[in-house]
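I have placed the structure first, in the form of C-alpha cells, so that the comments after it can refer back to it.
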Amino acid sequence: MKRAKRRYLALQVDSDGAPAPKEFMDAVWSAVSKLYGEYGASLTGLALIDYNAEKKTAVIRTALATVDIVRTALASITSLAGKETAVHVVVVSGTIKSLYEKIR
Amino acid sequence: MQRNRGASMKRAFADLHLRVNLKDPATASRIINKAATLGYRLIAVPLSPETREDETVKLQRICSEAKIDLASRIDLRPRTHEELTHQLRRLRRKFEVICVTCENKEAARQAAKDHRVDFLSFPSLDFRQRFFDRAEAELASKSIAALEIDIKPLLVLEGPARVRLLSSLRREAAIAREFHVPIVVSSGVANEMLLRRPRELAALAYLFGLDETSALEAISQNPVSIVKRNRQKLSPKFVAPGIRVIKEGKDC
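Heads up: the protein sequence lines correspond to chains A and B, in order.
The numbering of the first sequence is this note's numbering, which starts it at 211 and goes up by one.
The numbering of the second sequence is this note's numbering, which starts it at 25 and goes up by one.
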C-alpha cells in the first residue's frame with residue numbers, strides 16, 4: 211500500500227479571545243464539514259499537531275490531496291468560541307521539521 | 025513547481041474593494057495596515073463624489089504610511105441607462121476605478137457595453153438580480169468591463185443562502201471564462217477580521233470553480249492591470265490608446 215503523503219500547515223489564529231485547542235479544532239472540522247460535507251471532511255485526515263494558546267498559533271496535519279480543501283475551509287472561519295476570528299495559513303510544509311525551520 | 029512558486033512570489037496582490045469609513049480614521053488606519061500586513065500592495069476604497077478633499081488626503085497619508093498603493097473607486101447604482109451614461113460622463117475622469125452595481129437588466133446591459141465601466145457587480149443576496157448571463161458576458165467581452173466578485177458574502181452567509189450564491193457564482197465564472205471576461209476577486213469587507221490573505225482569497229475562489237492560476241490572476245494581474253490602464257488614461261500625457269506625450273516644448 212502506498213504511503214499517504216501529508217502536509218503540515220502552520221496557522222495564525224487572529225482572535226480577540228484565547229480559544230482552547232478543542233474549540234479551535236471543532237471550528238476547523240465544522241468549517242470543512244459545512245463547505246464539503248462529511249464525506250469531504252473524512253478525506254482530509256485532519257489532526258492537531260501543536261497549539262500555542264498564548265501565541266495563538268497552531269500546526270495541523272492534512273492529506274496532500276486535500277490541502278486546498280483545508281485552506282478554503284480555514285479561510286471561511288469567521289468565529290471561534292463566540293468571538294470574531296480569522297485563521298491565516300502562515301506556512302505549508304511536507305515535514306514538521308521543515309515547517310518549524312520555515313517559521314523560524 | 026519551483027517556477028510557479030517563484031512567479032507567485034513576485035505577484036503584486038490587490039484588493040480593489042475595501043470598504044473603509046472615511047469618518048473614522050482610526051478604524052480606516054487599522055484596516056489598511058492589516059491589508060498591508062496580509063500582503064496586499066494595492067487597494068481601492070469606494071468614495072463618493074461628495075467625499076471631501078481632506079478626507080481623501082488623510083486616506084492617502086494612511087496608505088503611504090502603510091506602504092500600500094491606493095486607487096480611488098466609485099460604486100454606481102444606476103436605475104436606467106441614461107442615468108448611467110450621465111454619471112459616467114460626470115465621474116469617469118475623477119476616479120481610477122468605476123464599478124457598476126447592476127440592479128436591473130437595462131443598467132446591466134448598458135454597463136456591459138460601455139467602455140468607461142471597469143467592473144460589473146451584482147447584488148449577492150437577490151439571486152433574481154444577477155444578470156450576468158451569456159448576453160451580458162458577450163457585451164462585456166467586447167468592451168473592457170470585468171466581473172467583480174466579492175468574497176464577503178461567502179464568509180457571512182450560511183446554509184441555503186450560501187449554497188445558492190455559490191451556485192450562481194460558479195455559473196457566472198464559467199460564463200465569464202467562456203467569453204474571456206476578466207474576473208476580479210475582491211474582499212468587499214468593512215471589518216478587519218473578515219480580511220483574508222491573498223492566497224486565502226484565491227482558495228475561496230476555488231469554491232466557484234476557478235483553478236489556481238485563474239484565482240491568483242483574479243487577485244493580482246487582472247485588478248492591477250485595470251488600475252494601471254486607467255492611471256495611464258487619466259494621466260495628462262495620455263492622448264489616445266497607444267499614443268502618449270513623451271516630450272513637449274520648443275526643442276521637440
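Yeah, the Cβ is synthetic: ideal placement off N, Cα and C, and Gly gets one too.
What is the rounded straight-line gap between the Cα of leucine 66/B and the Cα of isoleucine 122/B?
16 Å
Minimum Cβ-Cβ distance from leucine 309/A to chain B less than 9 Å
no
Straight-line CA distance for glutamate 182/B to serine 148/B?
13 Å
Enumerate in chain order the residues of its own chain whose CB-to-CB distance from glutamate 241/B is below 7 Å, with the five nearest sequence positions on each side excluded.
none
Between valine 180/B and chain A, is the shortest Cβ-Cβ distance under 9 Å, so that the two count as touching?
yes
Going by C-alpha distance, which of Ala214/A, Met211/A, Arg213/A and Tyr218/A is nearest valine 302/A?
Tyr218/A
From the DSSP output, in three-state form, read off alanine 269/A for me.
One point to set straight first is that residue 269/A is valine, not alanine, in the sequence displayed. Note: valine 269/A maps to strand in three-state DSSP.
Less than 9 Å between CB atoms is the rule here; does leucine 245/A satisfy it with respect to chain B?
yes
What separation, rounded to the nearest whole angstrom, lies between the Cα atoms of aspartate 48/B and leucine 71/B?
14 Å
Please classify leucine 163/B: does DSSP put it in a helix, a strand, or coil?
helix
Under 8 Å by beta carbon: chain B residues contacting arginine 281/A:
Arg223, Glu224 and Ala227
Could you tell me whether the stretch 204 to 223 of chain B touches the stretch 186 to 193 of chain B, using the rule of 3 or more Cβ pairs below 8 Å?
no
For the alpha helix (DSSP H) holding proline 222/B, just list the boundary residues, first then last.
222 to 229
Classification of arginine 221/B by the beta-carbon crowding that lies within 10 angstroms, buried from 16 upward
buried
Locate the alpha helix (DSSP H) running through histidine 105/B, then write down its first and last residues.
105 to 115
N- and C-terminal bounds of the alpha helix (DSSP H) containing arginine 97/B:
Taken as a continuous stretch (DSSP letters only), arginine 97/B belongs to no alpha helix (DSSP H), being part of the beta strand (DSSP E) at 93 to 100.
Could you confirm whether any beta carbon from chain B is found closer than 9 Å to the beta carbon of serine 303/A?
no
What does DSSP give as the partner residue(s) for phenylalanine 37/B in the beta ladder?
Tyr64/B
Output, in chain order, the set of chain D residues within a Cβ distance shorter than 9 Å of threonine 295/A.
Given the protein chain composition of this structure (A and B), no chain D is represented.
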